[in-house]
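Here the protein sequences line up with chains W and D, keeping their order.
Numbering (the working numbering) for the first sequence: 1 to 444.
Numbering (the working numbering) for the second sequence: 445 to 762.
Note that CB positions come from ideal geometry on N, CA and C, so glycine has one too.
Treat the numbers as computed from the prediction; the structure is a model and nothing was measured.
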Amino acid sequence: MLAINYKLPARNFWGGIHPEDSKTSTHTKKIQNLLPPKKAIIPLQQHTGALCKPIVNIGDIVKVGQKIGDAQAFISAPVHATISGKIVDISPMPHPLGTKVLSIIIESDGTDSWAIEEIKRDWETLEPEQIKYIVQEAGVVGLGGAMFPTHVKLSPTENKKIDIYILNGAECEPFLTADHRLMLEYAKQVVIGLKILMKATGVKKSIIGIEQNKPDALKKIADEINKESDLDIDITVLKVKYPQGAEKQLIKALLKREVPSGGLPMDVGAIVSNVGTSFAVYESVVERKPLVERIVTVTGGGIRNPQNLRVRIGTPFSNLIEACGGVKEEIGKIIMGGPMMGIAQHTTDVPVIKGTSGILVQTKDEVCDKPEECCIRCGNCANVCPMKILPNVITNSIKNDQFEHAKEYGLLDCMECGACTYVCPAHIPIVQYMKYGKTQLRKF
Amino acid sequence: MYTLSVSPHIHSNLSVKKIMWDVIIALVPALGMGIYFFGTQVLYPVVISISTALITEAIISKIRGRKTISNGSGIVTGLLLAMIIPPGVPLWLPAVGTACAVILGKEVFGGLGLNIFNPALIGRAILVASWPSFMTTWLAPQSGWFRRIDAETCATPLAIVKLNLTQELPSYWDLFIGNVGGCIGETSAFALLLGAIFLFIRKRISWHIPVSYIGCVALLSWIFGHNGLFTGDALFSILSGGLILGAFFMATDYVTTPITPRGKIIFGLGAGIIVVLIRLKGGYPEGVCYSILLMNAVTPLIDRWKWTVPKKFGKINA
Chain W
1 MLAINYKLPA RNFWGGIHPE DSKTSTHTKK IQNLLPPKKA IIPLQQHTGA LCKPIVNIGD
61 IVKVGQKIGD AQAFISAPVH ATISGKIVDI SPMPHPLGTK VLSIIIESDG TDSWAIEEIK
121 RDWETLEPEQ IKYIVQEAGV VGLGGAMFPT HVKLSPTENK KIDIYILNGA ECEPFLTADH
181 RLMLEYAKQV VIGLKILMKA TGVKKSIIGI EQNKPDALKK IADEINKESD LDIDITVLKV
241 KYPQGAEKQL IKALLKREVP SGGLPMDVGA IVSNVGTSFA VYESVVERKP LVERIVTVTG
301 GGIRNPQNLR VRIGTPFSNL IEACGGVKEE IGKIIMGGPM MGIAQHTTDV PVIKGTSGIL
361 VQTKDEVCDK PEECCIRCGN CANVCPMKIL PNVITNSIKN DQFEHAKEYG LLDCMECGAC
421 TYVCPAHIPI VQYMKYGKTQ LRKF
Chain D
445 MYTLSVSPHI HSNLSVKKIM WDVIIALVPA LGMGIYFFGT QVLYPVVISI STALITEAII
505 SKIRGRKTIS NGSGIVTGLL LAMIIPPGVP LWLPAVGTAC AVILGKEVFG GLGLNIFNPA
565 LIGRAILVAS WPSFMTTWLA PQSGWFRRID AETCATPLAI VKLNLTQELP SYWDLFIGNV
625 GGCIGETSAF ALLLGAIFLF IRKRISWHIP VSYIGCVALL SWIFGHNGLF TGDALFSILS
685 GGLILGAFFM ATDYVTTPIT PRGKIIFGLG AGIIVVLIRL KGGYPEGVCY SILLMNAVTP
745 LIDRWKWTVP KKFGKINA
């Protein structure tokens with residue numbers, strides 16, 4: 001019998017910060033299904049890697065789950081129709097990651113008819129290669145936010161020996177509760193998804209890491225694992241600290257292994273997936289559903305009635321905000337993702353994509369826009385940096401166009417978690433300098 | 445129109461101003477003990493120093509066409525300078541010292557964050573070099589609140605040792621509580637430690653510099669005692685002079701000291717060696733001010749030394 005001790009010994013990593021977690025407005029709220037939108041915008045880039053090619057034409061009639069954009073490379077993931085109806089346009093549209101991206105626009109016929117069989121698949125009879133193929137065809141990507149194609153993760157380089165599969169249920173970003181609710185309401189599916197992932201990679205051992213502030217999810221998942229006594233799945237309590245859910249920090253906390261600088265988890269024999277991804281894998285393999293919907297936390301001081309919504313990919317942000325009672329007062333910022341790593345949006349016309357874990361709406365007062373002052377070398381940034389680099393030194397080099405010097409001090413190790421910027425008393429936008437420095441390095 | 449900016453979108457609300465005010469609060473107990481032992485008139489130089497600092501900052505901001513943002517650093521510089529001059533000096537002295545501290549110690553480099561030397565110590569160094577007699581005349585401490593004290597003078601404990609005076613040395617208790625001759629804010633180790641504990645609890649300073657600095661002074665003073673090797677009085681050397689004030693409030697100044705733990709320890713050790721050298725072999729009885737200034741000068745070098753840079757996450761030892 002797997003027992004969890006909530007107090008001891010919560011696993012930890014070096015550095016990090018303790019922002020107010022602000023999850024109380026949604027963490028007890030059940031996931032609500034949002035009706036399919038009248039018009040869906042499906043960007044052909046919803047993953048790390050190569051852009052998809054449209055395989056439908058304007059005027060075509062499509063059904064939910066039908067593939068409409070196909071991958072042109074191994075590191076890519078196909079996209080599917082998320083509502084049934086007619087393709088009305090294929091053109092560049094605003095994308096939540098910034099620039100305009102070629103997107104397929106579908107106008108709903110109101111029937112919501114699906115293009116998939118409704119017979120459940122018996123995953124246990126599938127071979128690993130078949131699982132990988134199904135996952136690839138279903139367009140499953142990492143749903144934690146990075147959107148790295150899952151089938152690529154499941155195919156590590158031949159010479160890397162993988163001995164452990166880590167499932168990431170940390171959800172360390174403040175405000176977000178989508179993963180928390182998923183673990184509570186779909187614990188069984190999450191655990192089956194993990195088992196499918198383990199089978200696909202041939203890994204015999206697994207750990208699920210969940211932060212201490214979600215005891216209910218810990219219990220739910222532990223109960224589910226206890227029902228399945230045949231597999232070596234462990235559950236570990238993580239200390240509540242940001243960025244606990246960052247891949248390298250999570251591996252360090254759980255396994256005490258350090259992913260080498262510039263390396264990947266597979267270099268230390270581990271694969272990490274988000275609990276949301278494992279759920280998507282379950283749906284694609286067992287329910288035969290490609291990735292057409294996901295859970296999004298719509299929250300923040302500017303939202304009237306914050307909620308966790310299950311929405312079709314391609315639904316405009318404005319629909320979600322409206323479904324949550326609209327906005328309270330004058331809005332300062334609309335962010336896709338959490339407050340630490342999320343991306344500010346210039347319009348609510350952008351669609352939910354595979355990596356949209358949350359929509360955070362800040363009021364004018366909540367927006368922090370203090371002017372940048374001179375660095376006083378307090379060293380707070382270095383004390384919280386989970387990658388143990390010296391953000392102030394690197395920022396200074398970047399300000400002086402010394403990009404090689406910045407690289408020497410670990411610019412490329414920076415994962416832009418934002419801990420340094422959060423604690424900087426001089427309000428220096430360190431992450432912004434880091435991003436700029438990286439783009440400059442790429443130019444040379 | 446929505447605000448667009450790079451993540452993160454929340455902030456801890458820590459500011460330079462908050463840090464500066466923490467330092468000011470931490471200095472209050474020591475100032476209180478200064479008032480207790482040297483009379484209420486020590487408040488005059490404090491007020492004059494702080495106002496000079498603020499006025500000088502404002503004038504320079506005006507000249508440079510900057511918006512005046514008072515982040516409290518001027519108050520810290522003024523307060524610190526007033527605390528490291530003797531009680532009973534003419535009142536133009538702190539004004540001149542503070543103006544020098546702000547202009548030559550800070551603003552010529554571009555303002556807070558860009559200065560190489562600790563501004564208050566620059567101010568003190570200029571005063572000691574220019575008006576040595578004012579800066580080495582010490583009022584004798586007399587306890588009691590709210591009164592002016594007689595202009596009776598005395599020697600500082602370190603001067604008694606240095607000049608082989610016949611006076612009796614003060615007891616450890618007097619040294620600890622601050623009942624000895626010295627600068628306004630440096631004599632009471634007790635009050636300074638209270639302030640230091642506050643800064644530690646608020647996580648404004650780390651242990652590296654104070655511990656290595658004071659530890660180094662204690663060790664070397666013990667080894668190189670007046671009556672031969674290993675006869676020195678470590679406790680006396682810690683409690684007398686400006687070591688406690690310097691170690692916790694000046695050698696921990698962010699701007700002018702190294703950032704990394706290893707760099708900080710080198711800084712502390714170096715400053716400790718210089719203090720003991722000056723006290724034993726130099727012309728002055730006390731060397732805290734110059735030890736910190738000299739180490740400030742080599743801080744950029746320490747920072748450049750790769751050995752002081754912490755091992756980054758995932759770096760393979762090669």
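No Cβ of chain W is located within less than 8 Å of the beta carbon of leucine 565 of chain D. The beta carbon of threonine 347 of chain W sits closer than 7 Å to those of Pro94, all from its chain and outside the five residues before and after it, given in chain order. The Cβ atoms of leucine 523 of chain D and proline 489 of chain D do not sit closer than 8 Å to each other. At a cut-off of 8 Å between beta carbons, tyrosine 616 of chain D makes no contact with chain W. Put simply, the backbone Cα of lysine 435 of chain W is about 10 Å away from that of proline 429 of chain W. Rounded to the nearest angstrom, the gap between the Cα atoms of phenylalanine 634 of chain D and alanine 474 of chain D is 8 Å.
Proline 425 of chain W reaches chain D at Ser456, Leu458, Ser459, Val460, Lys461, Lys462 and Ile463, counting residues in chain order whose Cβ is nearer than 9 Å. Counted as a single uninterrupted DSSP element, the alpha helix (DSSP H) harbouring methionine 477 of chain D occupies residues 460 to 482.
The beta carbon of proline 744 of chain D sits no closer than 8 Å to any beta carbon of chain W.
In the structure shown, the three-state DSSP call for isoleucine 717 of chain D is helix. Looking at the DSSP output, arginine 11 of chain W bridges to W/Leu238.
Spatial neighbours of arginine 304 of chain W in its own chain (CB-CB distance under 8 Å, excluding positions within 5 residues in sequence) are listed in chain order as Cys324, Gly325, Gly326, Val327 and Lys328. Chain-order list of chain D residues neighbouring alanine 170 of chain W: empty, with the shortest C-beta distance near 17 Å, by a criterion of under 9 Å.
With a contact defined as Cβ atoms closer than 8 Å, arginine 377 of chain W and isoleucine 703 of chain D qualify at about 6 Å. Close to chain D, meaning a Cβ-Cβ distance shorter than 9 Å, are the following residues of the region 340 to 357 of chain W: Met340, Met341, Gly342, Ile343, Ala344, Gln345, His346, Thr347 and Thr348. Take the alpha-carbon of asparagine 383 of chain W and the one of valine 450 of chain D: they are about 22 Å apart.
Contacts with chain D at 8 Å (Cβ-Cβ) include cysteine 378 of chain W. The C-alpha of leucine 320 of chain W lies about 22 Å from the C-alpha of leucine 102 of chain W. Here the alpha carbon of threonine 500 of chain D sits roughly 7 Å from the alpha carbon of valine 546 of chain D. Contact residues of the region 477 to 496 of chain D toward chain W are absent (C-beta to C-beta distance below 9 Å).
No Cβ of chain W is located within less than 8 Å of the beta carbon of histidine 652 of chain D. Under the DSSP assignment, serine 577 of chain D falls outside any beta strand (DSSP E), being part of the alpha helix (DSSP H) whose first and last residues are 576 to 579. Interface residue (Cβ-Cβ distance to chain W less than 8 Å): glycine 557 of chain D is classified as such. CA-to-CA, the gap between leucine 390 of chain W and asparagine 559 of chain D works out to about 20 Å. In the three-state scheme derived from DSSP, where H, G and I count as helix and E and B as strand, lysine 205 of chain W is classed as strand.
Using a 10 angstroms sphere on the CB of histidine 455 of chain D, the tally of other CB atoms reaches 16 or more, which defines it as buried.
Excluding the 5 residues flanking it on each side, valine 88 of chain W has same chain C-beta neighbours closer than 6 Å at Ile105 and Glu107, in chain order. When Cβ-Cβ separations below 8 Å define contact, threonine 363 of chain W makes no contact with chain D.
Judged by beta-carbon spacing, lysine 153 of chain W lies beyond the 8 Å limit of isoleucine 75 of chain W, meaning their Cβ atoms are not closer than that value. Here alanine 246 of chain W is buried: its Cβ has 16 or more other Cβ atoms, across all protein chains shown, within 10 Å. It is roughly 23 Å from the alpha-carbon of lysine 506 of chain D to the alpha-carbon of valine 699 of chain D. Remark: C-beta atoms of glycine 332 of chain W and glutamate 366 of chain W approach each other more closely than 8 Å. DSSP lists no beta-bridge partner residue for histidine 346 of chain W. With respect to the C-alpha of asparagine 740 of chain D, the residue from D/Gly727, D/Gly714 and D/Asn457 having the closest C-alpha is D/Gly714.
Under the Cβ distance rule, lysine 550 of chain D does not count among the residues neighbouring chain W, no pair being separated by less than 8 Å. Of the candidates W/Ala200, W/Lys195, W/Gly169 and W/Pro174, W/Gly169 places its Cα closest to the Cα of alanine 217 of chain W.
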